[in-house]
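Going by our numbering, the first residue of the sequence shown is number 17, and it counts up by one from there.
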Amino acid sequence: MAPGGYKDDTYLIVQPGSEHTLLSLGLTDPLETPKLSVPTVVYKSNDNDDYSLSNVEGYNEIRPIIAGRIVDIKALEFLLHTLIVTVLKEREEDEELTDLSIESVNLLIIQSSTRWSPLSIELLTKYAFENMNVHGFSIVPFELACMFAHGSIANSIVIDIGYEKSEILPIVDYQLYSPSKKVIDKGSLSINQTLSRLLPNLTAKQIEILKKSSIFECLSEEDAKKSFFGMEGLIENLPNTDDGEGNGNDEDGVLDIAAIVTSEKSTREILESNTNKLKNKQKNSLKPNSELETNTFYDFDGNQITVGKERFQGCNDLIEDLVLNIYHCLRKVPDLKKRQECYDNIIFTGQTSKIKGLKEKIMFHLFDNYVYLSDNKLLQPQAQFRNDIRPIDDASLTQVPRHLRLVPKVDYFSEWKKNGFEDCSFLGAQILSKQVFSQGNEFCLTKDSYEETGPTAIWSIRL
């Protein structure tokens, strides 16, 4: 049983991910976004087992977590310990705050992937008590944290679109329903690979910038129909032979003296042509991205790069796989009522999910492919109290899903509302920490209980 008297400033929440590790010490009112985000990368000496957070000579880069799997537990332990010590040291230097030792810390780790092995979880538990000597410790599953960030929802499905993989897992009666778990090896990286195939002359860095730019998006069916290319024109084709670079006309509006001298046209005609080009450019700048044949972005070197319809095609393969696996994931939920409730409480998370139109396009294809709509024309609102309704096939009453819904974001956490809910698991962990580290709660592992049972005690307290 966790002892009482915990203060909000002793809660230390850490979420180690494949690409970044999020960390925050203490709870604020209102709850804020993570105070620290660092790459999940360390460097190991070629000569011994020494680690460093800096890339120094004689050290090799180590990624402790790859595609959700903890592949180097020692490197991860070093990273967590170093970050925690650094945060506590910064707190000591703040004269307005009281000192806080690591022995007083209540550590909550968010298990960012279902691919963490039981052994890795036990080793993290052991390290927390035997090496860091923390006061209290707990691990919360990523999906549960996401759910609590949106409220207390009994039945839902969490779709985490990550960098190297995406995970889909339902929550049934507030518990993870592991038999339905789906992990696909596609995510943000697969988008880059698709764009590289469509735009082979762009570098990897330029592809990443394009993906994060405002011109890269997923078009809804309506926007695709109204787009410059139309629905059929957006079907993925062979790689563009154009290099996509330097096509922006940086000389628009600049009077070309040589052209006037060598041209057979009069100076007036050339000036009028130049003016018309400027007007057309200004007109195009007012159009939505989808209605433009091309659009531009800038790389880190300031080069203007022009892209065509490829900017709408990068997510197609990922969307297709996600839609298929969401459906097959929820097919394994035996209770039809709870299965439908999962479809009515869909939660998207992960930085990749912020791509404009991605969530909406997944929902559209999920609806278009799998939602069951009755074709009984007598099922009209005005006929529901009449006795002349034709009997409906029993099978139609057991078809799920009949409708879909995204879980709305809560609007009372101003910082999160402003910065986005892509890392909502961290918000959920902040909310849960008050319950986990409260008096009489069985979800917290203490030094006493650890000494009695050892690292396996973590399985008796996990949410």
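Note that the Cβ used here is the ideal one computed from N, Cα and C, for glycine as well.
- Residue environment analysis places Asn361 among the buried positions, since at least 16 neighbouring C-beta atoms fall within 10 angstroms of its C-beta.
- In this chain, the alpha helix (DSSP H) harbouring Ile223 covers 220-228.
- When beta bridges are read from the DSSP output, Asp176 appears opposite Glu183, Thr365.
- The beta carbons of Leu389 and Ile342 sit about 18 angstroms from each other, so the pair does not count as a contact at 8 angstroms.
- Proximity to Leu214 across Ile200, Glu326, Asn171 peaks at Glu326, based on C-alpha coordinates.
- Residues Leu226, Arg327 of the same chain have their beta carbon placed closer than 6 angstroms to that of Phe232, with the five preceding and five following residues left out of the count.
- Assignment of beta-bridge partners to Leu214 by DSSP yields no partner.
- The three-state secondary structure of Ile371, taken from DSSP, is coil.
- A residue is called buried when at least 16 other Cβ atoms come within 10 angstroms of its Cβ; Ser230 does not meet this threshold and is exposed.
- For Glu77, the uninterrupted beta strand (DSSP E) run begins and ends at 75-78, by DSSP.
- Leu96 and Ser128 have their C-alpha atoms some 14 angstroms from each other.
- Secondary structure at Ser236: coil, using DSSP grouped into helix, strand and coil.
- Secondary structure at Gly152: strand, using DSSP grouped into helix, strand and coil.
- Here DSSP, grouped into helix, strand and coil, assigns Pro46 to coil.
- Separation of Gly318 and Thr472 (C-alpha to C-alpha, rounded to the nearest whole angstrom) is 54 angstroms.
- Taking C-beta atoms under 8 angstroms as the contact rule, Ser196 and Tyr179 fail to qualify, at a distance of about 23 angstroms.
- Beta-bridge partners of Phe380 (DSSP): none assigned.
- Under the DSSP assignment, Tyr343 falls in the alpha helix (DSSP H) whose first and last residues are 332-347.
- Counting only residues of its own chain and dropping the five nearest sequence neighbours on each side, Glu48 has a CB closer than 6 angstroms to the CB of Glu431.
- Per DSSP, the continuous alpha helix (DSSP H) segment holding Lys90 begins and ends at 89-109.
- Straight-line measurement puts the Cα of Leu192 at about 15 angstroms from the Cα of Glu357.
- Residue state for Tyr67 is assigned as strand, using DSSP reduced to three classes.
- In this structure, DSSP gives Lys354 a helical state, which the three-state scheme calls helix.
- A direct Cα-Cα distance of roughly 13 angstroms separates Met148 from Leu124.
- Secondary structure of Tyr388 (DSSP, three-state): coil.
- Segment contact: the segment 163-171 against the segment 70-86, fewer than three CB-CB distances shorter than 8 angstroms; contact not assigned.
- Of the residues Thr26, Ala165, Leu28, the one whose Cα lies closest to the Cα of Val423 is Ala165.
- In this structure, the CA atom of Tyr59 is about 16 angstroms from the CA atom of Thr37.
- Residue pairing by DSSP places Phe328 in no beta bridge whatsoever.
- Sixteen is the threshold: since fewer than 16 other Cβ atoms of the shown chains lie within 10 Å of the Cβ of Gly436, the residue is exposed.
- A straight-line Cα-Cα distance of about 14 angstroms links Leu374 and Glu238.
- The DSSP-derived three-state label of Pro157 is strand.
- Lys198 has Ile184 as its beta-bridge partners, per DSSP.
- Ser449: member of the alpha helix (DSSP H) spanning 440-452, first to last residue.
- Its Cα nearest to that of Glu106, the residue Lys51 stands out among Ile78, Arg85, Asp88, Lys51.
- Straight-line spacing of the CA atoms in Lys181 and Phe316 works out to 27 angstroms.
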